[in-house]
Each structure stands twice: as structure tokens, then as C-alpha cells.
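Numbering (this note's numbering), first residue to last: 7 to 225.
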Amino acid sequence: VFEVVLGRSIVRSTVLDSPCVDFIELHPEWFGSVLDCVYDDKGRPMKSFETPGITPLLIPPLNFAMVMPGIYRSGYPNSKNHTFLQTLKLETIVYLCPEEYTSENMQFCADNEVRIVNIGINGNKEPFVDIPEGAIVEALEVILDRRNHPLLIHCNKGKHRTGCLVGCLRKVQRWSLTSIFDEYRRFAGTKVRVLDQQFIELFQLSRLRCSRQHLPSWI
Numbered sequence: 007v008f009e010v011v012l013g014r015s016i017v018r019s020t021v022l023d024s025p026c027v028d029f030i031e032l033h034p035e036w037f038g039s040v041l042d043c044v045y046d047d048k049g050r051p052m053k054s055f056e057t058p059g060i061t062p063l064l065i066p067p068l069n070f071a072m073v074m075p076g077i078y079r080s081g082y083p084n085s086k087n088h089t090f091l092q093t094l095k096l097e098t099i100v101y102l103c104p105e106e107y108t109s110e111n112m113q114f115c116a117d118n119e120v121r122i123v124n125i126g127i128n129g130n131k132e133p134f135v136d137i138p139e140g141a142i143v144e145a146l147e148v149i150l151d152r153r154n155h156p157l158l159i160h161c162n163k164g165k166h167r168t169g170c171l172v173g174c175l176r177k178v179q180r181w182s183l184t185s186i187f188d189e190y191r192r193f194a195g196t197k198v199r200v201l202d203q204q205f206i207e208l209f210q211l212s213r214l215r216c217s218r219q220h221l222p223s224w225i
């Protein structure tokens, strides 16, 4: 499977091998002057094509949204999201998975002087794995320091670990639990986890140690 980006739409096709890509390269005029790039099924560019005068397509990561001014959330970004992420002028990425960051994202952060804060958290799955409260405290203290903004929070799908962290941030903002859970469910979809919501409800704000001097204006 590969993707061809044409203007503002993405055309997906199923192919057996690379000759189809070579065919596109030989006949770019058949695909219009806005042909940007061909991606494989992992989101990695296979071939780039010259497009003078055409603005690169901006593709946000899965489940991308603004949490508050200067704070964003998403699923795991890949290389086709990098042009979009550049527009955010990120200072910090809070990465919530225990796995090592991909080399493509590491290079992106190095090229754009983005600091990576890796707080590895396993998913809150029943019955034996719980999100450690200390990890959420650590992540919140990074988020609540405006010197780290603009900032992106992400895990794998942008649903559960990110949802728990954002839910606890909403407690800091004094949102009602009803509103917090509504937001959590909106991103979790059909994958709502009762343990996640229980974690948010029981999270103790008294553990946070933040400098008032550097708190964002929306706290």
C-alpha cells in the first residue's frame, strides 16, 4: 500500500512492488503539478518530486488536538507529520511510551532543537498494570512550566496514557469530573478504560511541586 499526496487529498492504492512508484516518477504530469510525495504504509517517504511554488501538505499526527494554548496532544508522529509539527515551533515533546523513540523523530527533534522528555508508561490494562502516579506528576510538572512551551504530549494512539495525563491536567484547571471524562471518552472512542477514569478521579494534586513564577497564564 502506498499513498500519493495530491493537493489536499491523499490517494491510496494497493501495489505489488516498486515499479508503480517508478511509473509515477516517469510520468508526473499525468498526476498534476501538485504531486508531492509517495509514502509507504509506515508513512515513510519513498520518492520526492519537485513541486515549484506548491506549499507542502500539512498532515497532523493521529488524534491531534490543542489542549490549551501552547499545549498539544496526539498519537505517535511519523515522518509525514514533521512538516506540520514544524509549524508549531515546539520546544518540548513529552513522550509517554517506554519504547525507544524512532530515529526519524530523534533526527527531527535534533534538527529543530526540540527537547524530548521521555516518561515511559505502560498502558493501564487490567488486571495487573497500573499507571504510576509519580510518572504523571513528573509529566505535569514539565507541562506546567511555560518555559517548556510550545509542547506536544503523545503516546502511541493518543488515547489512554495521553488521556490520563490530560485528564489530570484538567483537574489542575478545576474542571468537573463529568467534563474531564467527556473529553477522555471523545479521544478514547470505543476503547474507554474504566481504570483510566478511576486513576484520574483518585489522582492527588497535592503531590505537584510547581514554581508559581513559571506557571502558564491559564492556570
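In this text, a Cβ means the ideal position worked out from N, Cα and C, and glycines have one as well.
Close beta carbons around residue i, own chain, < 7 angstroms, minus the five adjacent residues each side
| i | result |
| --- | --- |
| Phe193 | Asn69, Gly164, Lys165 and Gly169 |
| Cys232 | No statement about residue 232 is possible, as the shown extent of the chain runs from 7 to 225 and does not include it. |
| Glu147 | Leu214, Arg215 and Cys216 |
| Arg121 | Glu97 and Thr98 |
| Leu211 | Lys177 and Val178 |
| Arg191 | Val198 |
Contacts around residue i, its chain only, beta-carbon distance under 6 angstroms, and the 5 residues preceding and following it disregarded
| i | result |
| --- | --- |
| Gln113 | none |
| Met74 | Trp224 |
| Phe187 | Gln203 |
| Met72 | Tyr78 |
Best match in the options for proximity to residue i [C-alpha to C-alpha]
| i | options | result |
| --- | --- | --- |
| Ser223 | Leu64, Ile77, Pro66 and Leu63 | Ile77 |
| Pro62 | Pro83, Thr89 and Glu106 | Thr89 |
| Gln219 | Phe187, Arg153 and Cys115 | Arg153 |
| Lys95 | Leu158, Glu139 and Gly140 | Leu158 |
| Asp117 | Glu97, Glu144 and Asp151 | Glu97 |
| Tyr107 | Glu119, Pro83 and Leu183 | Pro83 |
| Arg79 | Glu119, Val198, Val172 and Gln210 | Val172 |
| Ala145 | Asn124, Glu207, Leu64 and Ser212 | Asn124 |
| Asn128 | Pro67, Arg176, Glu189 and Arg167 | Arg167 |
| Tyr101 | Trp181, Met72, Leu91 and Gly81 | Gly81 |
| Val143 | His155, Cys174 and Pro156 | Cys174 |
| His155 | Ser182, Gly195, Glu119 and Glu189 | Glu119 |
Boundaries (first-last residue) of the alpha helix (DSSP H) holding residue i
| i | result |
| --- | --- |
| His88 | His88 to Leu94 |
| Val200 | Val200 to Leu208 |
| Gln113 | Ser109 to Asn118 |
Where the beta strand (DSSP E) through residue i begins and ends
| i | result |
| --- | --- |
| Leu183 | Where Leu183 is concerned, there is no enclosing beta strand (DSSP E), although the alpha helix (DSSP H) it sits in stretches over Leu183 to Ala194. |
| Ser80 | Ile77 to Ser80 |
| Asn124 | Arg121 to Asn124 |
| Ile99 | Thr98 to Tyr101 |
Beta-carbon contacts of residue i that lie in its chain and below 8 angstroms, excluding the five residues immediately before and after
| i | result |
| --- | --- |
| Leu208 | none |
| Thr93 | Leu64 |
| Ser185 | Arg176 |
Quiz item: Which ranges does the beta strand (DSSP E) cover as unbroken runs of at least 3 residues, wholly within the segment 140-179, from first to last along the chain?
Solution: 157-160
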